[in-house]
Every structure is written in structure tokens, then in C-alpha cells.
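Following: one structure in C-alpha cells, then a few remarks.
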Amino acid sequence: GAVVSQHPSRVICKSGTSVKIECRSLDFQATTMFWYRQFPKQSLMLMATSNEGSKATYEQGVEKDKFLINHASLTLSTLTVTSAHPEDSSFYICSAREGRYNSPLHFGNGTRLTVT
Amino acid sequence: DAKTTQPTSMDCAEGRAANLPCNHSTISGNEYVYWYRQIHSQGPQYIIHGLKNNETNEMASLIITEDRKSSTLILPHATLRDTAVYYCIVRVAYMDSNYQLIWGAGTKLIIKP
Numbered sequence: 161g162a163v164v165s166q167h168p169s170r171v172i173c174k175s176g177t178s179v180k181i182e183c184r185s186l187d188f189q190a191t192t193m194f195w196y197r198q199f200p201k202q203s204l205m206l207m208a209t210s211n212e213g214s215k216a217t218y219e220q221g222v223e224k225d226k227f228l229i230n231h232a233s234l235t236l237s238t239l240t241v242t243s244a245h246p247e248d249s250s251f252y253i254c255s256a257r258e259g260r261y262n263s264p265l266h267f268g269n270g271t272r273l274t275v276t
Numbered sequence: 751d752a753k754t755t756q757p758t759s760m761d762c763a764e765g766r767a768a769n770l771p772c773n774h775s776t777i778s779g780n781e782y783v784y785w786y787r788q789i790h791s792q793g794p795q796y797i798i799h800g801l802k803n804n805e806t807n808e809m810a811s812l813i814i815t816e817d818r819k820s821s822t823l824i825l826p827h828a829t830l831r832d833t834a835v836y837y838c839i840v841r842v843a844y845m846d847s848n849y850q851l852i853w854g855a856g857t858k859l860i861i862k863p
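Quick mapping for you: the protein sequence lines, in order, are chains A and B.
Going by the numbering used here, the first residue of the first sequence is number 161, and it counts up by one from there.
Going by the numbering used here, the first residue of the second sequence is number 751, and it counts up by one from there.
Structure, rendered in C-alpha cells:
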């Protein structure tokens, strides 16, 4: 089945630094990828929709200058958390859809970000 | 807001069938029902989806009522590894030809030995 790889799985950084998270579709092309954030014991919250070759679309309340998204190819999207603060500590998850409109989304295994 | 309602938690004995209910009384005629599960500290895993007919795959069966206002996910022979949070999601049309999944709180399924 379709595989989405996310890297790193876990990262600890100091407050004020930036962190880049990669999301790759390994065996299919994804024109659209999605980025989510999940706080402990809560459900997934959509942050932004990443479109290959164009600007990402951010959900209300998500700062686009803080969460930079680049979708450089049909198999790679990156999320950069800039000037990270402790409140940005969370579980970040990407997903991609293979093929048709009704195809299911496939998810990466998430990145646990801890900002100290 | 999520368009589905699920019990907060359920238990099931290992080897038995796990039946997870979901209410989606406001579902529209062209909206699909998706089921995902999330094992602790992992990304969600796709299980199954359907529109109005019952569906079955190697993981589970999906039973959708005739009025489409509710559905049941069936794991035929639950194992300890099926312990996870199970999300029932109605796909919402999003950004023209795209779609998005609105996640509710899900059902925490605990399989007991």
C-alpha cells in the first residue's frame, strides 16, 4: 500500500531555533499533502494544505510566517517551525492522498517536537 | 466541528469481534464515511471507507445503515495490537476538488486478554 515517510520522528530543540520536518510519499506522487498538529489526548487539527508548486493554504489561526511549508516536488513537502517556543511542542503529522478524489489519505508516523 | 458521534471508550476481549458504532445523522448524500485508527504516538492508519454499501477488506468490515445515519466498524477477531483510538470521519468537501477529514475525539478501544 501507499507509504508516507516522515522525518525526523523525534526532535528536541532550544527556544528560538528553527526545525524542519520532511514528509515524503515513497511510492506514489502527491500533488497535495496536509499538515496536522496533535496535542496530548486531543484529536488531529489541520494546520495547512500543501500544494506542489504553489503556496500552501493555512487554516484559520495558523501563522504562515511561523510554520513555513514548501512542497517542492510531487513526493516531498517540508514544514519548518521557525523561532520555536515551548508552546510549539506538539506531535506534527503529515498526510498525502494517492490518486483519485475518493482515495484515502495516508499518514506519516508523526514527529514529536519538544522545545526547551 | 466533527460530524460524527462515537462512544468515548470500549473494551473487547481478545479473539472476539469488536463492533464500533458511529452516528452521522447529518451526513449528506455524497459524503463518504472513513475509518482510521491511531495507535499511541503513531500516525493514523487508514482502515476502510464507504458511501452506502457495506464494505469489507483484510482489516475490517464497514456496515452502513440504509438511511446512512450511522455505521459500524467490525474487527472480526480482535487482537491486543488492535488497541487504539478509532476515528469515524465524514469526508467534507474542501477547496473545490479537494476534500478534508474533520477529526472528532474517536473511540478508545482496549482489547483485553
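Backbone N, C-alpha and C define an ideal beta-carbon position, used for all residues, glycine too.
Bear in mind the structure is a predicted one, so any value in this text is a computation, not a measurement.
Reference residue i, options the options, closest by Cα
| i | options | result |
| --- | --- | --- |
| B/T833 | B/S821, B/S811, B/P863 and B/Y782 | B/P863 |
| A/F278 | A/V171, A/G176 and A/S185 | Any answer about residue 278 of chain A is impossible in this case: the structure gives chain A only from 161 up to 276. |
| A/M205 | A/T274, A/S255 and A/V275 | A/S255 |
| A/S195 | B/Q850, B/H774, B/K753 and B/Y837 | Looking at the sequence itself, residue 195 of chain A is Trp, so the reference to Ser does not match. When only C-alpha atoms are compared, the closest one is B/Q850. |
| A/E212 | A/I229, A/I181 and A/A244 | A/I229 |
| B/Y836 | B/N803, B/V783 and B/T776 | B/V783 |
| B/E808 | B/K802, B/L801 and B/I824 | B/I824 |
| B/L812 | B/R841, B/Q792, B/T776 and B/C772 | B/C772 |
| A/S165 | A/E219, A/D187 and A/G176 | A/D187 |
| B/H827 | B/T815, B/K753, B/S759 and B/A763 | B/A763 |
| A/G221 | A/S214, A/Q202, A/S233 and A/A208 | A/A208 |
| A/K110 | A/S203, A/T191 and A/Q202 | A question about residue 110 of chain A goes unanswered here, because the residues of chain A that appear run from 161 up to 276. |
| A/A162 | A/T271, A/P264 and A/H231 | A/P264 |
| A/I253 | A/T217, A/G176, A/E223 and A/M193 | A/M193 |
| B/T754 | B/H799, B/I852, B/L859 and B/N804 | B/I852 |
| A/G270 | B/A855, B/Q795 and B/G800 | B/Q795 |
Within-9 Å CB hit, residue i to chain A
| i | result |
| --- | --- |
| B/L859 | no |
| B/Q756 | no |
| B/Y784 | yes |
| B/H774 | no |
| B/Y836 | no |
| B/H827 | no |
| B/L830 | no |
| B/G864 | This structure does not reach residue 864 of chain B, given that chain B is present from 751 up to 863, and the question cannot be answered. |
Chain B within 9 Å of residue i, Cβ atoms only
| i | result |
| --- | --- |
| A/L236 | no |
| A/S250 | no |
| A/T274 | no |
| A/I172 | no |
| A/F194 | yes |
| A/S214 | no |
| A/L204 | yes |
| A/L265 | yes |
| A/I253 | yes |
Residue i beta carbon near the ligand PLP (any heavy atom closer than 8 Å)
| i | result |
| --- | --- |
| A/P264 | Among the components modelled here there is no ligand, and therefore nothing to report on the ligand PLP. |
Exposure label - residue i; buried when at least 16 CB within 10 Å
| i | result |
| --- | --- |
| A/P168 | exposed |
| B/G765 | exposed |
| B/L830 | exposed |
| A/Q198 | buried |
| A/T238 | buried |
| B/H790 | exposed |
| A/S243 | exposed |
| A/P200 | exposed |
| B/A768 | buried |
| A/T293 | Outside the modelled stretch of chain A, which goes from 161 to 276, sits residue 293 of chain A, for which no answer is possible. |
| A/S178 | exposed |
| A/I172 | exposed |
| A/R170 | exposed |
Where the beta strand (DSSP E) through residue i begins and ends
| i | result |
| --- | --- |
| B/K819 | Unbroken run through B/K819: none, as it is neither H nor E. |
| B/P771 | A768 to N773 |
| B/I852 | Where B/I852 is concerned, there is no enclosing beta strand (DSSP E), given that its DSSP letter is neither H nor E. |
| B/A763 | S759 to A763 |
| B/G800 | Q795 to G800 |
| A/H266 | L265 to F267 |
| B/K862 | T857 to K862 |
| B/R831 | Segment: none, B/R831 is in no beta strand (DSSP E) and carries neither H nor E. |
| B/Q792 | Note, B/Q792: premise wrong, no beta strand (DSSP E); not H, not E. |
| A/T276 | Looking at the DSSP string, A/T276 is not in any beta strand (DSSP E), and its letter there is neither H nor E. |
Within chain D, partners of residue i - CB distance below 7 Å
| i | result |
| --- | --- |
| A/N269 | No chain D appears in this structure, whose protein chains are A and B. |
Alpha helix (DSSP H) runs wholly inside the region 166-250 of chain A, at least 4 long, in chain order: Listed in chain order, the alpha helix (DSSP H) runs fully inside the region 166-250 of chain A amount to none, counting runs of at least 4 residues.
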